[in-house]
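If you read the sequences in order, they're chains A and B.
Add 3 to a position in the first sequence, counting from 1, and you land on the number used in the numbering used here.
Add 3 to a position in the second sequence, counting from 1, and you land on the number used in the numbering used here.
Before any comments, here is the structure.
2 protein chains.
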Amino acid sequence: MRTRPLKVALLGCGVVGSEVARIMTTHADDLAARIGAPVELAGVAVRRPSRVREGIDPGLVTTDATALVKRGDIDVVVEVIGGIEPARSLITTAFEHGASVVSANKALLAQDGAALHAAAVEHGRDLYYEAAVAGAIPLIRPLRESLAGDKVNRVLGIVNGTTNFILDKMDSTGAGYQEALDEATALGYAEADPTADVEGFDAAAKAAILAGIAFHTRVRLDDVYREGMTEVTAADFRSAKEMGCTIKLLAICERSKDGASVTARVHPAMIPLSHPLASVRGAYNAVFVESDAAGQLMFYGPGAGGSPTASAVLGDLVAVCRNRLNGATGPGESAYADLTVSPMGEVVTRYHISLDVADKPGVLAQVATVFAEHGVSIDTVRQQGKDGEASLVVVTHRASDASLSGTVEALRNLDTVRGVASIMRVEGE
Amino acid sequence: MRTRPLKVALLGCGVVGSEVARIMTTHADDLAARIGAPVELAGVAVRRPSRVREGIDPGLVTTDATALVKRGDIDVVVEVIGGIEPARSLITTAFEHGASVVSANKALLAQDGAALHAAAVEHGRDLYYEAAVAGAIPLIRPLRESLAGDKVNRVLGIVNGTTNFILDKMDSTGAGYQEALDEATALGYAEADPTADVEGFDAAAKAAILAGIAFHTRVRLDDVYREGMTEVTAADFRSAKEMGCTIKLLAICERSKDGASVTARVHPAMIPLSHPLASVRGAYNAVFVESDAAGQLMFYGPGAGGSPTASAVLGDLVAVCRNRLNGATGPGESAYADLTVSPMGEVVTRYHISLDVADKPGVLAQVATVFAEHGVSIDTVRQQGKDGEASLVVVTHRASDASLSGTVEALRNLDTVRGVASIMRVEGE
């Protein structure tokens with residue numbers, strides 16, 4: 004084994020960073036054996052140097068992250084500060100000064116992945132980011148390497164633990180959204196401002212990264228259709244149960260039938276209880292992958308948290324260190340397929356629509372006519388009357404999102420339709 | 004991209020081999036893009052050259068596998084013939100003549116993995132075998148690479164599709180073992196001679212491979228305790244249901260609490276319905292991994308079949324080809340931890356025991372005394388009388404397998420115990 008250690012600079016020392024530093028110290032012998040050389044924590048860049056950091060030599064701590072990545076003797080920079088800047092500049096500077104980079108930064112990768120990959124290639128260095136999607140769940144490496152000889156057609160994932168906790172709570176207790184969110188906040192599963200989670204921004208960043216890797220093409224955050232889950236109601240869960248379904252916030256990346264384009268989207272959807280994703284409980288994440296040869300695979304585990312994220316970071320760190328010892332780099336970005344990203348209107352799926360309608364003869368015929376006029380074929384309709392008002396639940400066959408949107412707009416203009424109570428896509432069938 | 008192709012020799016052209024050849028042809032451009040150079044099928048060794056092989060140039064087919072691997076211009080040998088010999092000699096010869104090897108041969112890897120890895124290292128070549136465990140499910144790469152910075156403590160897997168199909172059928176229909184086996188045979192899920200599957204030999208080979216990789220130590224097939232599932236009855240499933248459990252044939256690899264030893268075993272066991280493995284249906288496989296930092300992960304997918312196995316082989320092929328282009332090798336065997344493999348007697352778990360006993364006063368006291376004398380603490384007891392006979396169901400707290408065996412032997416010697424109807428371990432709690 005080589006005795007000269009590989010030097011690691013840690014950018015950020017919060018929940019994840021401090022766990023990375025702790026494991027690097029406590030598991031030093033193990034890591035050295037797995038890498039073939041010892042690794043040494045050479046510097047830790049933080050914003051607040053005064054905060055006590057147990058087990059970290061205060062002499063390593065600095066507030067000057069730029070100087071740290073410019074030192075020139077750093078082999079690997081581990082970036083766990085998150086956000087776009089200064090993370091982006093620090094990573095670019097790290098490559099320029101000869102370091103490889105391990106990052107957990109989903110927002111940055113989703114927005115600027117192509118440029119960062121290009122910088123890595125330009126300088127002959129690695130950019131690894133297993134921790135950016137679904138925490139500890141090995142996902143990027145399996146997609147990029149294990150399935151490298153296969154053709155992925157669809158990725159269907161629960162990639163946000165906060166929203167899965169809330170939806171699971173609503174499902175199991177019948178609670179409304181606000182009540183379930185309050186419990187998630189009290190238990191520390193939701194942040195004080197939960198917008199990034201509940202509005203699907205976090206999941207959309209992960210969808211962009213997953214779609215790019217799965218389909219060997221570039222998908223940017225802006226390409227991902229996004230709908231949050233704040234409007235999912237207890238009534239929606241009752242409807243889902245009647246359908247033999249539950250509701251999950253899904254990140255869905257699909258290749259079109261002709262193979263020429265892909266779509267990526269995040270929204271709440273009904274999925275059958277028999278689907279493996281339906282039984283993913285609490286704050287767990289799981290990603291279901293469908294490919295030509297392998298068939299249906301699922302990867303399940305904790306999607307967040309200091310230790311799980313640190314596990315993913317360290318797996319990358321070992322790989323990147325091994326590559327450096329070999330004088331090689333691992334598989335980088337693979338975007339050769341260069342596929343079009345189609346807009347949401349071209350997505351084809353099934354829909355569950357609840358309408359509040361007047362309880363009088365001919366309403367169903369009117370509604371059915373609107374669906375037919377927009378080319379949306381109806382699978383089942385259920386009518387329920389209540390005091391002069393009635394509700395109509397329509398489940399469609401597969402139709403394009405554009406056709407469905409047109410249908411709903413026309414339905415809203417019918418005098419006999421008092422309101423569209425909910426529209427929910429049905430996936431995973 | 005390099006234009007000179009990498010040359011691949013295929014040993015075996017059955018269900019898996021012909022699918023590998025087919026995908027190499029139909030996905031040639033994709034593979035070239037992912038590898039950075041084209042790959043060319045340079046020879047196919049078969050036993051029966053007369054059999055028609057669609058899509059394979061007859062000029063490539065040979066019966067002389069040894070001459071093929073000795074050619075000297077072969078970059079990668081893909082071995083999908085299975086069994087110990089001639090596979091072992093061919094792989095060794097391939098390394099000697101400069102080729103890297105991708106294998107799907109679980110029996111060989113479980114028996115001679117150490118020697119084969121040593122040969123790969125000696126010649127500076129790769130030995131990859133993702134397809135040897137759980138078919139298409141990426142498992143070896145995640146364990147070896149993604150979790151390389153973590154510490155795995157337990158692997159709990161459903162790694163044999165045939166037996167999972169049979170047990171799932173028994174669970175869902177109340178069928179007995181023979182009836183379920185007959186259906187599995189009729190549907191092609193079980194072979195005419197199902198011994199390797201139902202007696203746990205296949206799962207034991209996979210357990211040996213998984214334990215070695217998970218714990219960075221050597222575990223041979225002979226180190227694995229093995230119990231088949233042919234004696235699981237419909238009554239056992241009724242008992243399991245009363246416990247809120249189902250029954251699965253599990254491969255279980257555990258690190259001891261003090262970290263100094265490991266165990267590996269295959270046997271039927273009750274697991275709670277709430278455990279993610281409980282809902283693995285039909286012929287699917289799934290492996291549950293518990294580690295220090297990542298927590299609980301699960302990998303799910305098809306464990307067998309031509310296409311899924313070919314997907315795993317091709318993923319390895321891409322990695323091995325990339326390594327060759329880089330002039331490097333991937334992570335090889337990691338056995339630095341060099342842990343003792345403890346015998347089954349030292350395994351600690353819970354037990355569900357059904358006894359047929361005389362229906363008279365004092366029996367429970369006698370039975371309880373035997374458990375106490377062997378240091379096995381009882382969690383619950385349930386008595387059920389029927390026509391002078393009675394049954395006694397005992398569920399224990401955690402105890403060593405040796406203590407439990409001693410207890411059962413002593414119970415058999417009690418006059419009032421007519422028989423031990425079943426002993427089943429309880430896992431995954």
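Think of the CB as a built atom: it goes at the ideal place given N, C-alpha and C, for glycine as much as any other residue.
Chain-ordered chain B contacts of residue i [CB-CB under 7 Å]
i	result
residue 339/A	36
residue 7/A	Those do not exist, as residue 7/A stays about 19 Å from chain B at its closest Cβ, beyond 7 Å.
residue 334/A	325
residue 321/A	151 and 152
With 16 other Cβ atoms within 10 Å as the buried cut-off, status of residue i
i	result
residue 273/B	buried
residue 380/A	exposed
residue 400/A	exposed
residue 317/A	buried
residue 1/B	For residue 1/B there is no data in the structure shown, the boundaries of chain B being 4 and 432.
residue 67/A	exposed
residue 37/A	buried
residue 133/A	buried
C-beta neighbour in chain A for residue i, strict 9 Å
i	result
residue 153/B	yes
residue 342/B	no
residue 163/B	no
residue 40/B	no
residue 167/B	no
residue 107/B	no
residue 274/B	no
residue 149/B	yes
residue 61/B	no
Proximity of residue i and residue j at Cβ, strictly below 9 Å
i	j	result
residue 223/A	residue 121/A	no
residue 163/A	residue 226/A	no
residue 289/A	residue 161/A	yes
residue 287/A	residue 309/A	no
residue 266/A	residue 346/A	yes
residue 81/B	residue 20/B	yes
residue 285/B	residue 171/B	yes
residue 136/B	residue 209/B	yes
residue 116/A	residue 212/A	yes
residue 45/B	residue 218/B	no
residue 108/A	residue 84/A	yes
residue 139/B	residue 151/A	no
Residues bridged to residue i (per DSSP)
i	result
residue 132/B	BP columns for residue 132/B are empty, so no partner.
residue 288/A	304/A
residue 46/B	12/B
residue 324/B	Answer by DSSP bridge pairing: none, since residue 324/B is not bridged.
residue 427/A	355/A
residue 228/A	268/A
Cutoff 9 Å: residue i Cβ touching any chain B Cβ
i	result
residue 126/A	no
residue 160/A	no
residue 103/A	no
residue 315/A	yes
residue 140/A	yes
residue 33/A	yes
residue 264/A	no
residue 22/A	yes
residue 258/A	no
residue 82/A	no
residue 318/A	yes
Chain-ordered chain B contacts of residue i [CB-CB under 8 Å]
i	result
residue 30/A	152 and 154
residue 310/A	295, 296, 297 and 298
Partner residues on chain A for residue i, Cβ-Cβ distance less than 7 Å
i	result
residue 331/B	329 and 331
residue 26/B	152 and 296
residue 145/B	141, 144 and 145
Interface partners of residue i on chain B, CB under 9 Å
i	result
residue 218/A	Near residue 218/A there are no residues of chain B at all, since even the closest Cβ is about 11 Å away, more than 9 Å.
residue 303/A	279, 289, 291, 299, 300, 301, 302 and 303
residue 133/A	149
Per-residue contacts from residue i into chain A (C-beta, under 8 Å)
i	result
residue 282/B	279 and 282
Interface partners of residue i on chain A, CB under 9 Å
i	result
residue 157/B	Under the 9 Å cutoff, chain A gives no residues; its nearest Cβ is about 14 Å from residue 157/B.
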